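Take a look at the structure below.
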Amino acid sequence: MAHDYETSKKLALKVISILGLITIGEVLFALFGKGHLIEGFTIPTFTIPLPFVDWGIPFNIVAIVMITMSLIKAFLIIFEFMHMKYELNGLAKSVLLPTFLLVWGVIAFLYEGNDWGNRRELINDKNKEKIEEVGFLRDYTPIDIIEEYTI
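Mapping to this note's numbering: the sequence shown position 70 is 78, numbers consecutive.
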């Protein structure tokens, strides 16, 4: 869709001002949430417990608001300045779908890494128990064992 110069300039300035306001809002919210504007006041982090497991999902309100505002800015930039708004639906979806898959992949890898981290502590604890169960290893160092079996 073609615009004349004045219309395009007004539209660009409108989007730039919206992006600027969102950025100013992000900075103020981050400063407010971390306690830099009001001494001693911070926006707390809370955990939502999950059923059937002993851990929950930590929620940092400041981080969630910052991520949301950044996604809104990215949406505006992509749809206005990269002209996705004027493209066919199929092309716009073919560009945006890999982005959503990337975000999903990052979340999946973080979840998987957290699970591996929890299991690693469990395995380390089990290994320590097995070492303590074996009695002769308490009295000997590896050098003593090697010297005992060396001819």
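Glycine residues also receive a C-beta, built at the ideal position from the N, C-alpha and C atoms. Please read all numbers here as calculations on a predicted model, not as lab measurements.
Check your understanding: In the DSSP assignment, what are the bridge partners of N97?
Key -> Beta bridge pairing from DSSP links N97 with no other residue.
Point to revise | Neighbourhood of M77 by C-beta distance below 6 Å, restricted to the same chain and skipping five residues each side | key: I30 and E34
Review point. Between the stretch 16-24 and the stretch 72-92, are three or more C-beta pairs nearer than 8 Å?
Key: Three or more beta-carbon pairs drawn from the stretch 16-24 and the stretch 72-92 are found closer than 8 Å, and the two stretches are therefore classed as touching.
Exercise for review: In the DSSP assignment, find the unbroken beta strand (DSSP E) run with I32 in it and report its ends.
Suggested key: Careful: I32 lies outside any beta strand (DSSP E), inside the alpha helix (DSSP H) at Y13 to G41.
Exercise for review: Would you mind stating whether I69 and F49 have Cβ atoms separated by less than 9 Å?
Suggested key: Contact flag unset, no.
Review point. Who does F67 pair with in a DSSP beta bridge?
Key: Note: F67 sits in a beta bridge opposite F54.
**Study point:** Burial state of G41, where buried means 16 or more other Cβ atoms lie within 10 Å
**Key:** buried
Practice item. Determine the DSSP secondary structure at E47, reduced to helix, strand or coil. Key: coil
Review point. How about V73 and F37: do their beta carbons lie closer than 9 Å?
Key: yes
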